[in-house]
Amino acid sequence: MIPMHATISISGDLVSCDLNAEAVVLNLRSGRYYGLDPVGARIWNLIQTPRTVQEIRDILLQDYEVEPDRCEGDLVALLEKLANEGLVDVRQ
């Protein structure tokens, strides 16, 4: 599990664009495309500048009506998926 103090940043060799309220990410190494829903796109835009998981969580809690525990759990789950696909770097 990614700790709250970990810093998240976008990996190299990626191209992304906003599409309506969503985002599309292309991993240039693998050639795979990924789609992010509006909340995922918000997170993607937030990590254009490296941020801690705690910072991202705090911003999302201001932006959306969601319970803190659910926000944290969903955020960490998404970040782990992005890290496993090589889309983000996690620095602890």
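If you count by our numbering, then the sequence shown holds residues 3 to 94, one letter each, in order. Glycine residues also receive a C-beta, built at the ideal position from the N, C-alpha and C atoms. Nothing here was measured: the structure is a model prediction, and the numbers come from that model.
As computed with DSSP, S18 is found in a beta bridge with V27.
Residue pairing by DSSP places R53 opposite I10 in a beta bridge. Within the same chain, and ignoring the five residues on either side of E24 in sequence, the residues whose Cβ sits closer than 8 Å to its Cβ are G37, L38, D39, P40, G42, A43.
Counting along the chain, the unbroken alpha helix (DSSP H) around L84 starts and ends at 70-86. Within the DSSP bridge table, the entry for D91 names S11 as partners. If you check the CB distance, S13 and D91 come in under 7 Å. In chain order, I10, S11, I12, I58, V90 place their CB closer than 8 Å to the CB of I49, counting only its own chain and leaving out the 5 sequence neighbours on each side. Assigned with DSSP and collapsed to three states, G33 falls in coil, not helix or strand.
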